[in-house]
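To convert, note that position 320 of the sequence shown is 326 in this note's numbering; the numbers rise steadily by one, no gaps. Glycine is no exception: its CB is placed at the ideal position from the N, C-alpha and C atoms.
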Amino acid sequence: MSQRFEDFGIYGIDLNKYGEQRTTCPKCSSTRQNSHKNIKCLSVNADKGTWFCHHCGHSGGLYEKQNFRKFEPKPIKSNFVSPTEKVFQWFESRKIPKTVVERNKISIEKVFLSQLDKEDTCVCFNYFLDDALVNIKYRNPQKVFQQVKSGSKIFYKLNDLNNQTDAIITEGEIDALSFEVAGFLNAVSVPDGGINPEVKQIQTKLDYLDNCAEYFKNMHRIYLATDSDAPGIRLREELARRLGKSRCWIVRYPNDCKDANEVLIKYGKDKLKVCIENAELYPIEGIHYANDRRDELKDLYDNGFPNGAKTGYSNFDDLLLSMDLS
7 MSQRFEDFGI
17 YGIDLNKYGE
27 QRTTCPKCSS
37 TRQNSHKNIK
47 CLSVNADKGT
57 WFCHHCGHSG
67 GLYEKQNFRK
77 FEPKPIKSNF
87 VSPTEKVFQW
97 FESRKIPKTV
107 VERNKISIEK
117 VFLSQLDKED
127 TCVCFNYFLD
137 DALVNIKYRN
147 PQKVFQQVKS
157 GSKIFYKLND
167 LNNQTDAIIT
177 EGEIDALSFE
187 VAGFLNAVSV
197 PDGGINPEVK
207 QIQTKLDYLD
217 NCAEYFKNMH
227 RIYLATDSDA
237 PGIRLREELA
247 RRLGKSRCWI
257 VRYPNDCKDA
267 NEVLIKYGKD
277 KLKVCIENAE
287 LYPIEGIHYA
297 NDRRDELKDL
307 YDNGFPNGAK
317 TGYSNFDDLL
327 LSMDLS
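(1) Looking only at its own chain, which residues have a Cβ that is under 8 Å from the Cβ of K111, when we skip the five neighbours before and after it?
(2) So what's Q209 in DSSP terms, helix, strand or just coil?
(3) Can you find at least 3 beta carbon pairs, one from the segment 249-259 and one from the segment 205-214, that sit closer than 8 Å?
(4) Can you tell which of P103, R227, D233 and N141 has its C-alpha closest to the C-alpha of A188?
(5) Under a three-way DSSP split, which group does G189 fall into?
(6) With distances taken from CA atoms, which of P197, E177, F185 and R100 is nearest F161?
(7) Whole angstroms is fine: what's the gap from P32's alpha carbon to M225's?
(8) Tell me the start and end of each unbroken alpha helix (DSSP H) in the segment 188-264 that is at least 4 residues and wholly inside, in chain order.
(9) At which residues does the alpha helix (DSSP H) containing T105 begin and terminate?
(10) Measure the C-alpha to C-alpha separation of D181 and I114 and round it to an integer number of angstroms.
(11) Looking only at its own chain, which residues have a Cβ that is under 8 Å from the Cβ of I19, when we skip the five neighbours before and after it?
(12) Return the first residue and the last residue of the alpha helix (DSSP H) that K275 is part of.
(13) Give the secondary structure of I45 by DSSP, where H, G and I count as helix, E and B as strand, and everything else as coil.
(14) By a C-beta neighbour count over all protein chains shown, 10 Å radius and 16 as the cutoff for buried, is P89 buried or exposed?
(15) So V140 and S120 are supposed to be a Cβ contact under 8 Å. How far apart are they, rounded?
(16) Looking only at C-alpha atoms, which of S36, G200 and R253 sits nearest to E179?
(17) Using the three-state DSSP reduction, which class does T127 fall into: helix, strand or coil?
(18) Please report how far the alpha carbon of S156 lies from the alpha carbon of S36, in whole angstroms.
(19) Helix, strand or coil: how does DSSP classify Y288 here?
(20) So is T176 buried or exposed if we call it buried at 16+ other beta carbons inside 10 Å?
(21) To which residues does DSSP link W57 through a beta bridge?
(22) Please state the DSSP three-state secondary structure of V93.
(23) Which residues in the same chain as L215 place their Cβ atom closer than 6 Å to its Cβ, once the five residues preceding and following it in sequence are excluded?
(24) Residues in its own chain within less than 6 Å of S195 by CB, not counting five upstream and five downstream?
(25) Among D265, H61, F222 and V129, which has the Cα closest to the Cα of S184?
(26) Taking Cβ positions, are E220 and I256 nearer each other than 9 Å?
(27) Using the DSSP secondary-structure output, state which residues sit across from T176 in a beta bridge.
(28) Taking the beta carbon of F14 as the centre, do at least 16 other beta carbons fall within 10 Å, making it buried, or is it exposed?
(29) Return helix, strand or coil for E78, following the three-state DSSP convention.
(30) Would you kindly check if the distance between the Cβ of R242 and the Cβ of T171 is under 9 Å?
(31) Looking at the unbroken alpha helix (DSSP H) that takes in N321, where does it start and where does it end?
(32) Residues bridged to A138 by DSSP?
(33) Suppose the cutoff is 6 Å on Cβ atoms and the five residues either side in sequence are ignored; what does the same chain contact list for K71 look like?
(34) Can you name the residues that DSSP bridges to T29?
(35) Once you ignore the five residues that flank T317 on each side, which residues in its own chain have a CB closer than 7 Å to its CB?
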C-alpha cells in the first residue's frame, strides 16, 4: 500500500509521485560540492516506504513505525550423524573445505525419499534459526532433493545475516557455501530453488521472505546471485520486486558458469569476489545512466546533430545547409 507523501516529508524526503524513484538525500546532498548538490543519489520506494542513498549510505523506512510479525517456528527433531570421510571428499570435489562443512553443521541421515519410494542416505543441509533446527533439506547422491515434513521456510544460513548491512542471496545451499569460501559469510540460500517461468501462483513458494522480513529491513545492499538460467532469472525478478529494486544488485557469472559453485570450481574464490565487486545495480524504470547512452553520445560527439527535415525545395535546402548557424 502506498504511503502518504507527507510521511516522507518528516524525514526530509520530497516526493511527488508513487513507485520507485530517485531524489536528493536529506543527509548528504546539502553538504556536497555545488556541482553535485542536485544529484539524485537517494533511491526511494514510495510504495514500500523505504530509501537508500548511494553516496553516503543513509537508509531507512516508514516501516520503522510498524511492528514486524515475530516468526516463531517450532524446532524439529532429527536422527542425523556427522558426515563420513566420503562426504567430506565430495564437498572437497566442489571446493568446499571441511571447515566450512563443519561450521554449517552439515550432516547425513538415512531417510525415506518419496520420489524414489525407498530409503537412502542423504546429505542434510540443516536450517537453523538461532540455536533451533527448524528445517532440513536432504540430498542423495543422485541429486534427489526433499525437505523434512513440518519444517519451516527460512533462508539457509540465516543466522549469518545477524548484524549485517549487506546480504547475498543464492539459489542453492552449495552456492551460499561457495560464497562463504570466498570470504562472504553473509551469503544465504532460498530453500526452494528457482521458480518455473510458466508458473503464475508463487506466493506460497516465497513464504520464507515474510518469515525472514526482520533480517532484511535494514539491509543497504542485497546481491541477487541466482542461477543464470530461466528459473534463476524468474527468482531474481521476484526477489527484487519484493525486497525493493533500489537496494538490489545483480550478480553475473562468466558465460561458461551457471552458478556460484561452478565459478568456484573453474576459476577459484577470487573470481567469485570479482563477481560481487562487478555487481550491477538493479535497473529501475525511468532511470537511465550515462553508460546506457554511451554509443549515442559518442556518435553525437563525432558526427554532430543529424540534419533536420527538408522543406522539399532543393535550392532553399542547399542554402540552409550552407549557412553557419553556430
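From the atom records:
(1) Excluding five sequence positions before and after K111, the CB atoms of its chain that fall closer than 8 Å to its own CB belong to N132 and F134, given in chain order.
(2) helix
(3) Touching, no.
(4) P103
(5) coil
(6) Taking the Cα of F161 as reference, the smallest distance to any Cα among P197, E177, F185 and R100 is reached at P197.
(7) 19 Å
(8) Within the segment 188-264, the complete alpha helix (DSSP H) runs of at least 4 residues are 213-217, 219-222 and 236-249.
(9) K104 to R109
(10) 19 Å
(11) Here the set comprises T29, P32, L48, V50 and W57.
(12) If you look at K275, you'll find it in the alpha helix (DSSP H) that goes K275 to E283.
(13) The three-state reading of DSSP puts I45 in coil, since its state is none of H, G, I, E or B.
(14) buried
(15) At roughly 21 Å, the Cβ-Cβ gap does not stay under 8 Å, so V140 and S120 are not in contact.
(16) G200
(17) strand
(18) 53 Å
(19) coil
(20) buried
(21) V50 and G66
(22) helix
(23) R248
(24) Y162, T176, G178, E179 and A182
(25) D265
(26) No; because the gap between Cβ atoms is not below 9 Å, this pair is not in contact.
(27) Per DSSP, S195 and A231.
(28) buried
(29) coil
(30) no
(31) S320 to S328
(32) L135
(33) Residue placement at K71 is poorly supported in this model, since its pLDDT is 46, which falls under 50; the coordinates still yield a value, given next. Answer for K71: no residue qualifies.
(34) L48
(35) D323
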